[in-house]
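Trainee: Take a look at the following structure, please.
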Amino acid sequence: MKIIKHMLLTISLASLLLGPMVHAEPPDMEAKWIGVRGSDARSTLDVSIEPTRSIYRVNEPIRFKIKGNNKFFLYVYAVDEETGDATLLIPGRKQRGNKYTAHRVHTVPNRGVEFYSDTSGEETIVFIASRKYIDIDRAHFKDAGDFAMGKAAMLEQEFSAKGIGVRTSDSGSNTGVLVKRLKVRIEGSGREREDSGDSRHPEVLSFLSLNDKVFQVGDKIHGVYGAMENGWIRLVLREPDGSYSSLGSARKIKAGRTYEFTARAEVPYGEHRLFAIYSEKEPAHESAVVAVLGDAREQTKGLSLLDSAQGARGASFDFAIRR
Numbered sequence: 004m005k006i007i008k009h010m011l012l013t014i015s016l017a018s019l020l021l022g023p024m025v026h027a028e029p030p031d032m033e034a035k036w037i038g039v040r041g042s043d044a045r046s047t048l049d050v051s052i053e054p055t056r057s058i059y060r061v062n063e064p065i066r067f068k069i070k071g072n073n074k075f076f077l078y079v080y081a082v083d084e085e086t087g088d089a090t091l092l093i094p095g096r097k098q099r100g101n102k103y104t105a106h107r108v109h110t111v112p113n114r115g116v117e118f119y120s121d122t123s124g125e126e127t128i129v130f131i132a133s134r135k136y137i138d139i140d141r142a143h144f145k146d147a148g149d150f151a152m153g154k155a156a157m158l159e160q161e162f163s164a165k166g167i168g169v170r171t172s173d174s175g176s177n178t179g180v181l182v183k184r185l186k187v188r189i190e191g192s193g194r195e196r197e198d199s200g201d202s203r204h205p206e207v208l209s210f211l212s213l214n215d216k217v218f219q220v221g222d223k224i225h226g227v228y229g230a231m232e233n234g235w236i237r238l239v240l241r242e243p244d245g246s247y248s249s250l251g252s253a254r255k256i257k258a259g260r261t262y263e264f265t266a267r268a269e270v271p272y273g274e275h276r277l278f279a280i281y282s283e284k285e286p287a288h289e290s291a292v293v294a295v296l297g298d299a300r301e302q303t304k305g306l307s308l309l310d311s312a313q314g315a316r317g318a319s320f321d322f323a324i325r326r
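Just add 3 to the spot in the sequence shown (first one is 1) and you have the numbering used here.
In structure tokens, the structure reads:
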């Protein structure tokens, strides 16, 4: 009895000290809960991109040093600010791999691949680094040898559809994407982009490329060509014995448009050179176009520009037909 009385007295005293008992209400299941977690620094992508030189010479290899704090995929394209054309450099036929490891300095492009400019002035190159792989719809581009050509606006629209603003971020990004636009200065002898003030001899950039450089008899040859000015282009082939032949008639072209053609590799075997000869007006005769090829300068890197006093300009592409 003493023990029970003592317990009742203790409970009574506790009730007086604590006041009336309040029953706890069940938690509101609709309430917003705040969780606590450690921040993941790996979600931020920061990539440093620097050219190996402050100024490059015409036709000199252009390279960059790149380092990221996380592994990333790299996409690189060059933009012609005047025409709005874009050349997709990475990934491309020469360098398909575009995944880079973290905390290591990489040289871009890879060994055995070169970026270069045949024009003095300023080149705009856009770098997009992403922690995730980006699937680019290449339907907007035309194969031009080792690279692909298209319109910069279409490419930017492609990235924008995937939530990437090409003209925005220039620092570490919590979205795992970083965009940098670099201007590269090119100096030396070469075709100047700036208007010389003499419109009698406009500098017209023609382009020509094939899907490969070596073919076997019977292979299909796919090619693209065009020019940055309205005019006419005739395709002319120089065979291993030095003779010339025209591939079809001259075609009227529009500035910036890409035109395609398909042919089949045939004998003779050996080294061939295909020319895309541009002229402002329709050539009077095939022989008038072929005649200017005698002044064609030897080409380097498989593609060169041709100049002649007769006002014809063009591009050339070397290829071989093997047994």
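Note that CB positions come from ideal geometry on N, CA and C, so glycine has one too. Bear in mind that the values here come from a model prediction, so they are computed numbers and not experimental data.
Taking 8 Å as the cut-off, decide whether the C-beta atoms of D146 and N214 are in contact.
Mentor: Sequence index remark: in the sequence shown, residue 146 carries index 143 (1-based). Sequence index remark: in the sequence shown, residue 214 carries index 211 (1-based). Yes; because the gap between Cβ atoms is below 8 Å, this pair is in contact.
Trainee: With DSSP run on the structure shown, which of helix, strand or coil describes E53?
Mentor: Along the sequence shown, one-based indexing puts residue 53 at 50. Residue state, collapsed to three classes: strand.
Trainee: Pick helix, strand or coil for F130, following the three-state DSSP scheme.
Mentor: Reading the sequence shown from its first residue, position 127 is the one you call residue 130. Note: F130 maps to strand in three-state DSSP.
Trainee: Would you tell me roughly how many angstroms separate the C-alpha atoms of G191 and A81, rounded to the nearest one?
Mentor: Mapped onto the sequence shown, residue 191 falls at position 188. Mapped onto the sequence shown, residue 81 falls at position 78. Each residue's Cα considered, the two are about 20 Å apart.
Trainee: For G229 versus L238, is the C-beta distance shorter than 8 Å?
Mentor: For the purposes of this step, residue 229 is taken as residue 226 along the sequence shown, with counting starting at 1. For the purposes of this step, residue 238 is taken as residue 235 along the sequence shown, with counting starting at 1. No, the Cβ-Cβ distance between G229 and L238 is not below 8 Å.
Trainee: Excluding sequence positions up to five away, which residues of its chain have a Cβ less than 6 Å from the Cβ of I69?
Mentor: Counted from its first residue, the sequence shown places residue 69 at position 66. If we look at I69 and ignore the five residues flanking it on each side, its Cβ neighbours are I52, H109, V111.
Trainee: Count the other CB atoms, across all protein chains shown, that sit within 10 Å of the CB of V217; report buried if there are 16 or more and exposed otherwise.
Mentor: Within the sequence shown, numbered from 1, the residue matching residue 217 stands at position 214. It is exposed - the Cβ of V217 has fewer than 16 other Cβ atoms within 10 Å.
Trainee: Can you tell which of Y247, R107, T90, L211 has its C-alpha closest to the C-alpha of F118?
Mentor: As a working note, residue 118 is residue 115 in the sequence shown. Of the candidates Y247, R107, T90, L211, the one whose C-alpha sits nearest the C-alpha of F118 is T90.
Trainee: The beta strand (DSSP E) spanning S248 covers which residue range?
Mentor: Here residue 248 corresponds to residue number 245 of the sequence shown, with the count starting at 1. That run of the beta strand (DSSP E) goes 247 to 249.
Trainee: Look at the Cβ atom of F210, then the Cβ atom of A318, and state whether they are nearer than 8 Å.
Mentor: For this step, residue 210 is matched to residue 207 along the sequence shown. For this step, residue 318 is matched to residue 315 along the sequence shown. Yes. Within cutoff.
Trainee: Does DSSP classify F144 as helix, strand or coil?
Mentor: Position 141 of the sequence shown, counted from the first residue, corresponds to residue 144. Coil.
Trainee: Just the Cα atoms here: how many angstroms apart are N72 and I139?
Mentor: Sequence index remark: in the sequence shown, residue 72 carries index 69 (1-based). Sequence index remark: in the sequence shown, residue 139 carries index 136 (1-based). Going from the Cα of N72 to the Cα of I139 covers about 24 Å.
Trainee: Checking the sheet assignment: what are the DSSP bridge partners for K255?
Mentor: The residue labelled residue 255 in the question sits at position 252 within the sequence shown. The partner list for K255 (beta bridge, DSSP) reads W235.
Trainee: Using DSSP with H/G/I as helix, E/B as strand and the rest coil, what is E159?
Mentor: For the purposes of this step, residue 159 is identified with residue 156 of the sequence shown, where counting begins at 1. In this structure, E159 counts as helix in the three-state DSSP scheme.
Trainee: When we look at the beta-carbon of Q160 and count the other beta-carbons within 10 Å, is it buried (16 or more) or exposed?
Mentor: Taking the sequence shown and counting its residues from 1, the one referred to as residue 160 is at position 157. Counting Cβ neighbours within 10 Å, Q160 comes out exposed, since fewer than 16 surround it.
Trainee: Give the secondary structure of E117 by DSSP, where H, G and I count as helix, E and B as strand, and everything else as coil.
Mentor: In the sequence shown, counting from the first residue as 1, residue 117 sits at position 114. In the structure shown, E117 sits in coil (DSSP, three-state: anything other than H, G, I, E or B).
Trainee: Would DSSP call V220 helix, strand or coil?
Mentor: Indexing the sequence shown from 1 puts residue 220 at position 217. Coil.
Trainee: Quick one: what does DSSP say L61 is sitting in, helix, strand or coil?
Mentor: Your numbering for residue 61 matches position 58 in the sequence shown. The sequence as given places Val at residue 61; Leu does not occur at that position. Correct three-state label for V61: coil.
Trainee: With 16 as the cutoff for other CB atoms within 10 Å, does T171 come out buried or exposed?
Mentor: For the purposes of this step, residue 171 is taken as residue 168 along the sequence shown, with counting starting at 1. Since pLDDT at T171 reaches only 48, below the 50 mark, its modelled position is unreliable, and the value read off the structure follows with that caveat. With fewer than 16 other Cβ atoms within 10 Å, it is exposed.
Trainee: I'd like to know whether the C-beta atoms of A253 and W235 end up nearer to each other than 8 Å.
Mentor: Position 250 of the sequence shown holds residue 253. Position 232 of the sequence shown holds residue 235. Yes.
Trainee: Let me check you understand the geometry: is the CB of V180 closer than 7 Å to at least one non-hydrogen atom of the ligand ZN?
Mentor: Among the components of this structure there are no ligands whatsoever, and the ligand ZN is therefore not found.
Trainee: Which residues bound the beta strand (DSSP E) around E190?
Mentor: Locating residue 190 in the sequence shown gives position 187, counting from the first residue. Counting along the chain, the beta strand (DSSP E) containing E190 begins and ends at 180 to 190.
Trainee: Quick check on the DSSP output: the beta strand (DSSP E) that includes V82 runs from which residue to which?
Mentor: Taking the first residue of the sequence shown as position 1, residue 82 is located at position 79. Looking at the DSSP string, the run of the beta strand (DSSP E) that includes V82 is 75 to 82.
Trainee: Just to confirm, are E85 and T127 a CB contact at a threshold of 8 Å?
Mentor: Your numbering for residue 85 matches position 82 in the sequence shown. Your numbering for residue 127 matches position 124 in the sequence shown. No, they are not a contact pair.
Trainee: Report the CB separation of F75 from R134 in whole angstroms; it is logged as a contact under 8 Å.
Mentor: Residue 75 sits at position 72 when you count from the first residue of the sequence shown. Residue 134 sits at position 131 when you count from the first residue of the sequence shown. About 6 Å; that satisfies the 8 Å criterion.
Trainee: How should Q219 be labelled, buried or exposed, when 16 other C-beta atoms within 10 angstroms of its C-beta is the threshold for buried?
Mentor: In the sequence shown, counting from the first residue as 1, residue 219 sits at position 216. So Q219 counts as exposed.
Trainee: Going by C-alpha distance, which of T47, G95, Q98 is nearest A132?
Mentor: Taking the first residue of the sequence shown as 1, we reach residue 132 at position 129. Considering only alpha carbons, the answer is T47.
Trainee: Out of L277, H275, L77, P64, point me to the one whose CA is closest to F162's CA.
Mentor: Here the question's residue 162 lines up with position 159 in the sequence shown. If we check each option's Cα against that of F162, L77 comes out closest.
Trainee: Pick out whichever of L185, K97, I280 has its Cα sitting closest to the Cα of S249.
Mentor: Counting from one through the sequence shown, the residue named residue 249 turns up at place 246. Among L185, K97, I280, the Cα nearest to that of S249 is on I280.
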